[in-house]
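The sequence shown begins at 1 in the numbering used here and counts up by one.
Note that beta-carbon positions come from the ideal geometry of N, C-alpha and C, so glycine has one too.
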Amino acid sequence: MKDWSIGDTKKCEYSNCITTGNREHMDSSDAILFHLRDVDMTDTPKTKPLNQKWILYNMESPLCKDYVSEKLFNAMKYDIIPIVFGSANYTAILPPNSYINALQFPTMTTLADHLIEVAIDKDRYDSYFHWKNDYCVQDVDYLCELCEHLNLNAVKTRVSTRKRDIVSWWINDAHCQTIQLV
Numbered sequence: 001m002k003d004w005s006i007g008d009t010k011k012c013e014y015s016n017c018i019t020t021g022n023r024e025h026m027d028s029s030d031a032i033l034f035h036l037r038d039v040d041m042t043d044t045p046k047t048k049p050l051n052q053k054w055i056l057y058n059m060e061s062p063l064c065k066d067y068v069s070e071k072l073f074n075a076m077k078y079d080i081i082p083i084v085f086g087s088a089n090y091t092a093i094l095p096p097n098s099y100i101n102a103l104q105f106p107t108m109t110t111l112a113d114h115l116i117e118v119a120i121d122k123d124r125y126d127s128y129f130h131w132k133n134d135y136c137v138q139d140v141d142y143l144c145e146l147c148e149h150l151n152l153n154a155v156k157t158r159v160s161t162r163k164r165d166i167v168s169w170w171i172n173d174a175h176c177q178t179i180q181l182v
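Have a look at this one:
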């Protein structure tokens, strides 16, 4: 099994941890906290140095039960632990122990304490990547795939007897919420 923390010899000291806003220091930092929007930026490294830990955070907007940003799956291609903050049922769509759900912590302090514990404990850090032994992230253009299936001859001959109100499902039944961050 791959050792995901190989090269890590110490916990991340506050003085040497950065966010991706400090790009000039990315190569020399012990840990980098990525925002989801930064993952696909052209100047973001595609591989991490052996001595770095990468953690990704994302606050979904909107917070809807059936919504997850496609960028979350893009980020999972890299050796990054995603921190999610949304209303989706992540356990139904992501591999077990492949992410940290910020909403499962009563306060941001307990979340921060958990992140520090993960950074310090090599085995715990590695456990967030065990899913990569059994799963992989594949790029799929779902709209193209949907279009292809809708245009197959077998589908063309079928007559649907079921009608669904897509507007209700997309808007009224989405169970979206707004969270006030203090």
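- Residue pairing by DSSP puts asparagine 101 in a beta bridge opposite Val84.
- Rounded to whole angstroms, the gap between the alpha carbons of isoleucine 83 and glutamate 145 is 29 Å.
- One alpha carbon belongs to asparagine 101, the other to aspartate 126, and they sit about 17 Å apart.
- Judged by beta-carbon spacing, serine 87 lies within the 8 Å limit of lysine 65, meaning their Cβ atoms are closer than that value.
- Boundaries of the alpha helix (DSSP H) harbouring threonine 110: 108-120, taken from the DSSP string.
- A straight-line Cα-Cα distance of about 15 Å links phenylalanine 85 and alanine 92.
- Annotated three-state conformation of leucine 94 is coil, per DSSP.
- Across the structure, valine 118 and isoleucine 80 are spaced so that their CA atoms are roughly 13 Å apart.
- Excluding its 5 nearest sequence neighbours in each direction, aspartate 113 has no C-beta neighbour in its own chain below 7 Å.
- Listed in chain order, the non-local C-beta contacts of lysine 77 below 8 Å within the same chain comprise Val137, local neighbours out to five positions each way being set aside.
- Nearest to tyrosine 67 by alpha-carbon distance, out of Ala75, Asn89 and Thr109, is Asn89.
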